[in-house]
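Shown next, in structure tokens, is the structure this report addresses.
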Amino acid sequence: MEKKNTGTLSPLLKRGINTTSGGMSRLQIIIVLAVSIFVLLTPQFLSSYRLNLVITILTAAYFAQCWNLMSGFTGQFSFGHAAFYGVGAYMSSILSVDYGVNPWIGMLAGMLAAGIVAAIIGYLSFHYNLRGDYFALATMAFCEILRVITKNTEFFHASTGVTISYSKDWKQMQFGGKEGYLYVAFIMLAAITFGLYKIRKTKIGLYFVAIRENEDAAKALGINAFRYKMTALIASAMLTALAGTFYAQYYLYIDPTICFGNSVSVSAITPCIIGGTGTIFGPIIGAAIIEPISELTNALLSQYVGLNMVVYGLILVLAILLMPNGVVGLFHKLRAKKQKGE
Amino acid sequence: MGVLLKAENVTKRFAGLTAVDSVNLVINQGEIIGLIGPNGAGKTTFFNSITGFYTADEGKVEFDGQDITGLTTYQNCKAGMARTFQIVQPFGNLTALENVMVGAFNRVNSYAEAEKIAKEMIDFVGMTDKTYDIVADLNIGDQRKLEMARALATKPKLLLLDEVMAGLTPTEIEGVIELVKKVRKAGTTILMIEHIMAALMTLSDRVAVLDHGKKIAEGTPTEITSNENVIESYLGKAYKKEQ
Chain R
1 MEKKNTGTLS
11 PLLKRGINTT
21 SGGMSRLQII
31 IVLAVSIFVL
41 LTPQFLSSYR
51 LNLVITILTA
61 AYFAQCWNLM
71 SGFTGQFSFG
81 HAAFYGVGAY
91 MSSILSVDYG
101 VNPWIGMLAG
111 MLAAGIVAAI
121 IGYLSFHYNL
131 RGDYFALATM
141 AFCEILRVIT
151 KNTEFFHAST
161 GVTISYSKDW
171 KQMQFGGKEG
181 YLYVAFIMLA
191 AITFGLYKIR
201 KTKIGLYFVA
211 IRENEDAAKA
221 LGINAFRYKM
231 TALIASAMLT
241 ALAGTFYAQY
251 YLYIDPTICF
261 GNSVSVSAIT
271 PCIIGGTGTI
281 FGPIIGAAII
291 EPISELTNAL
301 LSQYVGLNMV
311 VYGLILVLAI
321 LLMPNGVVGL
331 FHKLRAKKQK
341 GE
Chain E
1001 MGVLLKAENV
1011 TKRFAGLTAV
1021 DSVNLVINQG
1031 EIIGLIGPNG
1041 AGKTTFFNSI
1051 TGFYTADEGK
1061 VEFDGQDITG
1071 LTTYQNCKAG
1081 MARTFQIVQP
1091 FGNLTALENV
1101 MVGAFNRVNS
1111 YAEAEKIAKE
1121 MIDFVGMTDK
1131 TYDIVADLNI
1141 GDQRKLEMAR
1151 ALATKPKLLL
1161 LDEVMAGLTP
1171 TEIEGVIELV
1181 KKVRKAGTTI
1191 LMIEHIMAAL
1201 MTLSDRVAVL
1211 DHGKKIAEGT
1221 PTEITSNENV
1231 IESYLGKAYK
1241 KEQ
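Respectively, the protein sequence lines represent chains R and E.
Under our numbering, the first sequence has 19 at position 19, and the numbering climbs by one with no breaks.
Position in the second sequence (first residue = 1) + 1000 = our numbering.
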């Protein structure tokens, strides 16, 4: 009765599964509201440097939620989510810098382009029935192809990168001080989280999860797995492109490694693993834990090149060993223990 | 009583090995058909070939008056075929209710409606008290019953059961026998692979016997138990003495 594993990454994916599809408890709602209010008030009392950290957490959580939609919920483990992030960032930046297209329109164009890239990756992978690790490797390869193309094409400013001019105008998708970006990032995160929460209680949401749990059984129950996997992938890609455009408009500079680098793909995954893959709030909790740690190790260990990555990696290994289901899974376990004890 | 499923010369080969060799089978509406044979005879492969898990190399399958040869699994499910698996394939991290709801969504789109159908089906298989349990935590008997509920929630015309009684206790087997009877009474036709002879013989209207991929006999349970070929290849001499 043990399910066959499609690959070694799969156990990683099977952990941290959201089992409760029921509504939120009153306590949960209060916590969510309190944290939201706190975050929205941070510009009142935090320094600009600290605000940057809050924005980083929010965008990392948003990016992780995008990954969560197709990998956590639908079970299609992507190791190349930077592909969609980069397409979003490059599309809006190149269009606005070289062609004078408004970044808001560039953002939509980026989403569309990422959707098309995702459709190509998805069609090739799912049509030939790539599953588990093999699919993950395919996404990684596609991402690397995009990085190499960008790096070697003058049209994309090659390895020089693209510098976006500073304008401080919301019409140019720039929001003046840090607080503007913070509010936008907050809205993006709140929207995607609410969306995931809602979709979990629909036919399509349950179909996504069913495909993750057991694709053969899902097919036998009338699910067109190909179609639903494509849907999850394309939706996830389009939402990820949004994160890329946001990044470009916030830091005003992008290059091939910043956009298509492996570490970008990894940064979509780590918050989910720390917080709980396939859960609604896991990626947010994960981002809130991992981003400050990464910031701290960067600052404290800056004189030893690479040591911050060692510490970061160590923390990740410990988290996986000690909390195989992420923080959310740990909570579930503790609650179950408490109930048994009583 | 019309013909529900008609399989003609269904053949499936795996690199030189002919797992299913020109098998013909007709199932009439409302029947319970048993499929028996030694291990490796090609029973599950035959199941997979007609439900679309495999593409048959040769042959033709008609279902409910339509040619379904070459259709994929989910299309066959939409057409009205549902199956259980020899090795249970649950959505382990989901609740029993959600498992069955996945099946129910085959016919409805609304969450509330699917929930209603799922609860009825869970009730039907007698697992109401386990509606909100996580399926991975259930025992094998319950998982098998749940898989039946899940398949029934798709509202099939034909239910294909692949060894639903394997690994169950005698009491649980009794329960499944009653369940199969109830399913038929509710109007669903059944094709079942089973090794528990006593159960199969009481349930089946007709039994087909596969051996080395070929159908070697077909008939009523009485005819089958007295068939020399079948005794030789599958039932064994002991069965003859028992009779």
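Here a beta-carbon is modelled for each residue, glycine too, at the ideal position from N, C-alpha and C.
Quick caveat, the model's predicted, so the values are computed rather than measured.
**OP:** Return the residues of the stretch 185-206 of chain R that lie within a Cβ-Cβ distance of less than 8 Å from chain E, sorted by chain order.
**Re:** Lys-201, Thr-202, Lys-203 and Leu-206
Original post:
DSSP puts Ala-1082 (chain E) in a beta bridge; with which residues?
Top reply: As a first step, residue 1082 (chain E) is located in the second sequence; it is residue number 82 there, counting from the start. According to DSSP, which records beta bridges pairwise, Ala-1082 (chain E) is partnered with E:Leu-1159.
Original post:
Mind checking whether Thr-1150 (chain E) and Gly-1092 (chain E) have CB atoms under 7 Å apart?
Top reply: Here the question's residue 1150 (chain E) lines up with position 150 in the second sequence. Here the question's residue 1092 (chain E) lines up with position 92 in the second sequence. Reading the sequence as shown, one finds Arg at residue 1150 (chain E) and not Thr. Cβ distance not < 7 Å, so Arg-1150 (chain E) and Gly-1092 (chain E) don't count as in contact.
Original post:
If you draw a straight line from the C-alpha of Tyr-183 (chain R) to the C-alpha of Leu-40 (chain R), how long is it?
Top reply: The residue given as residue 183 (chain R) occupies position 183 in the first sequence. The residue given as residue 40 (chain R) occupies position 40 in the first sequence. When rounded, the distance between both Cα atoms is 7 Å.
Original post:
Helix, strand or coil: which one does DSSP assign to Ser-21 (chain R)?
Top reply: Within the first sequence, the letter at position 21 stands for residue 21 (chain R). Residue placement at Ser-21 (chain R) cannot be trusted, given a pLDDT of 49 that sits under 50; what the coordinates show is reported in the next sentence. In the three-state reduction of the DSSP assignment, Ser-21 (chain R) falls in the coil class.
**OP:** Could you please tell me which residues of the stretch 214-232 of chain R, in chain order, have their CB closer than 8 Å to any CB of chain E?
**Re:** Asn-214, Asp-216, Ala-217, Ala-218, Lys-219, Ala-220, Leu-221, Gly-222, Ile-223, Asn-224 and Ala-225
Subject >> Alpha carbon of Asn-244 (chain R) to alpha carbon of Lys-171 (chain R), nearest angstrom >> reply: In the first sequence, residue 244 (chain R) corresponds to position 244, counting from 1. In the first sequence, residue 171 (chain R) corresponds to position 171, counting from 1. Per the sequence presented here, residue 244 (chain R) reads as Gly, with Asn not at that position. Straight-line Cα distance between these residues: approximately 18 Å.
**OP:** Select from the stretch 155-177 of chain R all residues with a C-beta closer than 9 Å to any C-beta belonging to chain E, and list them in chain order.
**Re:** Per Cβ criterion, the list is empty.
**OP:** Taking C-beta pairs closer than 7 Å, name the residues in chain E that Ala-210 (chain R) reaches, listed in chain order.
**Re:** The residue labelled residue 210 (chain R) in the question sits at position 210 within the first sequence. Neighbours of Ala-210 (chain R) on chain E, chain order: Phe-1091 and Val-1102.
**OP:** For Gly-368 (chain R), count neighbouring C-beta atoms within 10 Å of its own C-beta (all shown protein chains included) and say buried if the count is 16 or more, exposed if not.
**Re:** Residue 368 (chain R) is absent from the model: chain R starts at 1 and stops at 342.
Subject >> Beta-carbon contacts of Leu-189 (chain R) that lie in its chain and below 6 Å, excluding the five residues immediately before and after >> reply: Along the first sequence, read from residue 1 onward, the residue named residue 189 (chain R) stands at position 189. So the qualifying residues of the chain are Leu-58, Ala-61 and Tyr-62.
Subject >> Under 9 Å (Cβ pairs) to chain R, residues found in the stretch 1106-1117 of chain E >> reply: Asn-1106, Arg-1107, Val-1108, Asn-1109, Ser-1110, Tyr-1111 and Ala-1114
Subject >> Cross-chain neighbours of Thr-1073 (chain E) in chain R, by beta carbon under 7 Å >> reply: Translated into the one-based positions of the second sequence, residue 1073 (chain E) becomes position 73. Under the 7 Å cutoff, chain R gives Lys-219 and Ala-220.
**OP:** Mind the definition here: the stretch 202-210 of chain R touches the stretch 69-79 of chain R only if three or more C-beta pairs lie below 8 Å; say whether that holds.
**Re:** Yes, the stretch 202-210 of chain R touches the stretch 69-79 of chain R.
Subject >> Glu-1203 (chain E), enclosing alpha helix (DSSP H) - first and last residue >> reply: As a first step, residue 1203 (chain E) is located in the second sequence; it is residue number 203 there, counting from the start. Reading off the sequence shown, one finds Leu at residue 1203 (chain E), where the question assumed Glu. First-last of the alpha helix (DSSP H) with Leu-1203 (chain E): 1197-1203.
Subject >> Under 7 Å from the C-beta of Lys-1078 (chain E): neighbouring residues of chain R >> reply: Locating residue 1078 (chain E) in the second sequence gives position 78, counting from the first residue. Chain R residues near Lys-1078 (chain E): Gly-222.
Original post:
Would Arg-1083 (chain E) count as contacting chain R if we go by Cβ distances under 7 Å?
Top reply: In the second sequence, residue 1083 (chain E) corresponds to position 83, counting from 1. It does; some Cβ of chain R falls within 7 Å.
Subject >> Close-in-space but distant-in-sequence residues of the same chain around His-1212 (chain E) (CB under 6 Å, 5 per side omitted) >> reply: Along the second sequence, one-based indexing puts residue 1212 (chain E) at 212. No residues qualify anywhere along the chain.
Subject >> Identity of the residue in R:Tyr-85, R:Gly-180, R:Ser-92 and R:Met-140 nearest Pro-43 (chain R) by Cα >> reply: Reading the first sequence from its first residue, position 43 is the one you call residue 43 (chain R). Nearest to Pro-43 (chain R) by alpha-carbon distance, out of R:Tyr-85, R:Gly-180, R:Ser-92 and R:Met-140, is R:Gly-180.
Subject >> Spatial distance of Tyr-1046 (chain E) from Ala-1019 (chain E) (CA atoms) >> reply: To locate residue 1046 (chain E), count along the second sequence from 1; it is residue 46. To locate residue 1019 (chain E), count along the second sequence from 1; it is residue 19. In the sequence under discussion, the amino acid at residue 1046 (chain E) is Phe, which differs from the Tyr named in the question. Whole-angstrom Cα-Cα distance: 8 Å.
**OP:** Measure the C-alpha to C-alpha separation of Asn-1227 (chain E) and Val-1061 (chain E) and round it to an integer number of angstroms.
**Re:** The sequence position of residue 1227 (chain E) within the second sequence is 227, counting from 1. The sequence position of residue 1061 (chain E) within the second sequence is 61, counting from 1. Roughly 28 Å separates the two Cα atoms.
Subject >> the stretch 1181-1192 of chain E contacting the stretch 1144-1159 of chain E, beta-carbon criterion three pairs below 8 Å >> reply: Output reads yes: the stretch 1144-1159 of chain E touches the stretch 1181-1192 of chain E.
**OP:** Would you mind sorting Gly-80 (chain R) into buried or exposed? The rule is 16 or more other CB atoms within 10 Å of its CB.
**Re:** Here residue 80 (chain R) corresponds to residue number 80 of the first sequence, with the count starting at 1. Gly-80 (chain R) should be labelled buried.
Subject >> Opening and closing residue of the beta strand (DSSP E) in which Asp-1211 (chain E) lies >> reply: Locating residue 1211 (chain E) in the second sequence gives position 211, counting from the first residue. Unbroken beta strand (DSSP E) run through Asp-1211 (chain E): 1206-1211.
**OP:** Following the continuous alpha helix (DSSP H) through Asp-1142 (chain E), name the residue where it begins and the one where it ends.
**Re:** Looking up residue 1142 (chain E) in the second sequence gives position 142. Per DSSP, Asp-1142 (chain E) belongs to the alpha helix (DSSP H) from 1140-1152.
Subject >> Any C-beta of chain R under 7 Å from that of Leu-1171 (chain E) >> reply: Indexing the second sequence from 1 puts residue 1171 (chain E) at position 171. The amino acid occupying residue 1171 (chain E) in the given sequence is Thr; Leu does not appear at that position. Output row for Thr-1171 (chain E): interface = no.
Original post:
When burial is assigned at 16 or more other CB atoms within 10 Å of the CB, is Asp-1123 (chain E) buried or exposed?
Top reply: Position 123 of the second sequence, counting from 1, holds the residue named residue 1123 (chain E). So Asp-1123 (chain E) counts as exposed.
Subject >> Three-state secondary structure assigned by DSSP to Ala-1056 (chain E) >> reply: As a first step, residue 1056 (chain E) must be located in the second sequence, where it is residue number 56. Three-state DSSP puts Ala-1056 (chain E) in coil, outside helix and strand.
Subject >> Identified DSSP bridge partners for Ile-1193 (chain E) >> reply: As a first step, residue 1193 (chain E) is located in the second sequence; it is residue number 193 there, counting from the start. According to DSSP, which records beta bridges pairwise, Ile-1193 (chain E) is partnered with E:Leu-1035 and E:Asp-1162.
Original post:
To which residues of the same chain is Gln-1075 (chain E) closer than 8 Å at the C-beta, ignoring the five residues directly before and after it?
Top reply: By one-based count along the second sequence, residue 1075 (chain E) stands at place 75. So the list reads Gly-1052 and Ile-1068, once near-sequence residues are dropped.
Subject >> CB of Phe-260 (chain R) within 7 Å of CB of Leu-146 (chain R), strictly >> reply: Within the first sequence, residue 260 (chain R) is the residue found at index 260, counting from 1. Within the first sequence, residue 146 (chain R) is the residue found at index 146, counting from 1. Going by C-beta atoms, Phe-260 (chain R) is nearer than 7 Å to Leu-146 (chain R).
Original post:
If we cut at 7 Å on Cβ distances, does Thr-1189 (chain E) have a partner in chain R?
Top reply: On the second sequence, residue 1189 (chain E) is found 189 positions in, with the first residue counted as 1. Not closer than 7 Å to any Cβ of chain R, the Cβ of Thr-1189 (chain E) fails to qualify, so no.
Original post:
What first and last residue would you give for the alpha helix (DSSP H) that runs through Gly-110 (chain R)?
Top reply: Within the first sequence, the letter at position 110 stands for residue 110 (chain R). Following the DSSP letters along the chain, one finds Gly-110 (chain R) inside the alpha helix (DSSP H) bounded by residues 103-127.
**OP:** State the Cα-Cα distance for the pair Ala-232 (chain R) and Cys-66 (chain R), rounded to the nearest angstrom.
**Re:** Sequence index remark: in the first sequence, residue 232 (chain R) carries index 232 (1-based). Sequence index remark: in the first sequence, residue 66 (chain R) carries index 66 (1-based). Using only the alpha carbons, I get a separation of about 10 Å.
Original post:
With Gly-106 (chain R) and Leu-242 (chain R) assumed to form a contact (beta carbons below 8 Å), what rounded beta-carbon distance in angstroms separates them?
Top reply: The residue given as residue 106 (chain R) occupies position 106 in the first sequence. The residue given as residue 242 (chain R) occupies position 242 in the first sequence. Contact between Gly-106 (chain R) and Leu-242 (chain R) fails: their C-beta atoms lie close to 11 Å from each other, not under 8 Å.
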